[in-house]
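Asker:
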Amino acid sequence: MNKSLVFLLGVVAVSLFAVTPVNAQTFSYGATLLGANEVSSTGVLGVGDPDGSARALVTFDTLNQTVTYSLSNLTNLDEFRFWHIHTGGASVNGPILVDFGTSLSGTAVPYASVGTNVTEVSQIIANPGGHYFNAHTSVFPGGAVRAQVAVVPEAGSLPLAAGALAILGSATIVARRRKGA
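Residue numbers for the sequence shown follow this note's numbering, beginning at 6 and rising by one.
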């Protein structure tokens with residue numbers, strides 16, 4: 006196998022790995038929230054509920070301007086009060102962009118119903134890691150558990166990525182065998 010064919014197979018593999026989501030108007034994010042991730046107003050890390058945790062999942066539909074969300078697996082979060090998405094890195098506190106209030110789940114809820122708009126959702130989509138989920142309780146009113154927003158991969162993209170890596174690996178093995186023969 007010549008170098009140009011190996012290069013071409015590599016380009017194909019990388020292209021498959023960087024697949025565009027099938028449904029480009031929906032963007033899904035999730036995270037496991039922990040008390041150890043909470044930051045005080047003075048920047049001290051780990052001030053949240055030491056044994057609390059939760060799982061957040063949010064999908065923005067930019068075509069219909071709706072959001073589907075859930076906060077689940079609440080563990081040791083006594084007296085849950087509310088949750089939201091803030092702007093801010095892992096070591097800072099920032100303003101609220103999306104406010105889910107006391108609701109643990111919602112399906113196709115208009116942006117305005119959760120206190121957000123197209124501009125703010127666009128900020129999250131452009132820089133998910135620059136935002137964080139935060140859940141509050143009566144015991145930890147400043148925040149019980151927290152996590153940076155992370156992209157949830159499209160369900161169909163993982164098999165394609167695995168296939169692309171397999172193609173690339175096979176091409177490399179064949180090229181090495183032929184070169185050594």
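Just so it is clear, CB atoms sit at the ideal spot from N, CA and C, and this is done for glycine as well.
What residues in its chain sit with their C-beta under 6 Å from that of Ser-4, if we drop five residues either side in the sequence?
Answerer: As displayed, the chain neither begins before 6 nor continues past 186, which places residue 4 out of reach and without an answer.
Asker: Among the candidates Pro-146, Ala-155 and Asp-56, whose CA atom is the shortest distance from the CA of Phe-87?
Answerer: Here residue 87 refers to the residue found at position 82 when the sequence shown is read from its first residue. That would be Pro-146, whose Cα lies nearest to the Cα of Phe-87.
Asker: Less than 8 Å between the CB atoms is what I'm expecting for Ala-113 and Gln-153, so what's the real figure, rounded?
Answerer: As a working note, residue 113 is residue 108 in the sequence shown. As a working note, residue 153 is residue 148 in the sequence shown. Ala-113 to Gln-153, Cβ: 25 Å. No contact.
Asker: Please return the same chain residues whose Cβ sits closer than 8 Å to the Cβ of Asp-66, not counting the five positions on each side in sequence.
Answerer: Taking the first residue of the sequence shown as 1, we reach residue 66 at position 61. Only Gln-30, Thr-31, Val-72, Thr-73 and Ala-113 meet the Cβ criterion.
Asker: Nearest CA to the CA of Gln-70: which residue from Asn-132, Val-156 and Thr-124?
Answerer: Taking the first residue of the sequence shown as 1, we reach residue 70 at position 65. With distances taken between Cα atoms, Gln-70 lies closest to Thr-124.
Asker: Does Asp-54 pass the burial test, meaning 16 or more other C-beta atoms within 10 Å, or should it be called exposed?
Answerer: On the sequence shown, position 49 is the one that residue 54 refers to. With 16 or more other Cβ atoms within 10 Å, it is buried.
Asker: Just to confirm my understanding: we take Gly-134, look at its own chain, exclude 5 residues before and 5 after, and list those with CB closer than 6 Å. What are they?
Answerer: In the sequence shown, the residue the question calls residue 134 occupies position 129. Closer than 6 Å at the Cβ level, and outside the excluded window around Gly-134, lie Gln-153.
Asker: For Tyr-74, list the residues DSSP reports as bridge partners.
Answerer: Within the sequence shown, the letter at position 69 stands for residue 74. DSSP lists Val-63 and Gly-111 as partners of Tyr-74.
Asker: For Ala-140, count the other beta carbons within 10 Å of its own beta carbon; 16 or more makes it buried, fewer makes it exposed. Which is it?
Answerer: To locate residue 140, count along the sequence shown from 1; it is residue 135. Ala-140 is buried by the Cβ-count criterion.
Asker: Please report how far the alpha carbon of Ser-110 lies from the alpha carbon of Gly-48, in whole angstroms.
Answerer: The residue you call residue 110 lines up with position 105 of the sequence shown. The residue you call residue 48 lines up with position 43 of the sequence shown. Each residue's Cα considered, the two are about 30 Å apart.
Asker: Decide if Val-44 is buried, meaning its Cβ has at least 16 other Cβ atoms within 10 Å, or exposed.
Answerer: Reading the sequence shown from its first residue, position 39 is the one you call residue 44. Counting Cβ neighbours within 10 Å, Val-44 comes out buried, since at least 16 surround it.
Asker: Given that a residue counts as buried once 16 or more other Cβ atoms are within 10 Å of its Cβ, and exposed if not, what is Leu-68?
Answerer: Along the sequence shown, read from residue 1 onward, the residue named residue 68 stands at position 63. By the 10 Å Cβ count, Leu-68 comes out exposed.
Asker: Quick check on the burial criterion: 16 or more other C-beta atoms within 10 angstroms. Buried or exposed for Ser-58?
Answerer: Residue numbering aside, residue 58 sits at position 53 when the sequence shown is read from its first letter. Burial call: buried.
Asker: How big is the Cα-Cα spacing for Ala-155 and Asn-81?
Answerer: Along the sequence shown, one-based indexing puts residue 155 at 150. Along the sequence shown, one-based indexing puts residue 81 at 76. Their Cα atoms are separated by approximately 23 Å.
Asker: Throw me the rounded Cβ distance for the Ala-149 and Gly-40 pair, which I believe falls under 8 Å.
Answerer: As a position in the sequence shown, residue 149 is number 144, starting the count at 1. As a position in the sequence shown, residue 40 is number 35, starting the count at 1. Contact holds; Cβ gap of about 6 Å.
Asker: Could you give the C-beta distance for Thr-92 and Val-103, rounded to a whole number, given that I count them as a contact under 8 Å?
Answerer: Position 87 of the sequence shown, counted from the first residue, corresponds to residue 92. Position 98 of the sequence shown, counted from the first residue, corresponds to residue 103. Thr-92 to Val-103, Cβ: 10 Å. No contact.
Asker: Do Phe-105 and Leu-38 have their C-beta atoms within less than 9 Å of each other?
Answerer: Residue numbering aside, residue 105 sits at position 100 when the sequence shown is read from its first letter. Residue numbering aside, residue 38 sits at position 33 when the sequence shown is read from its first letter. No; because the gap between Cβ atoms is not below 9 Å, this pair is not in contact.
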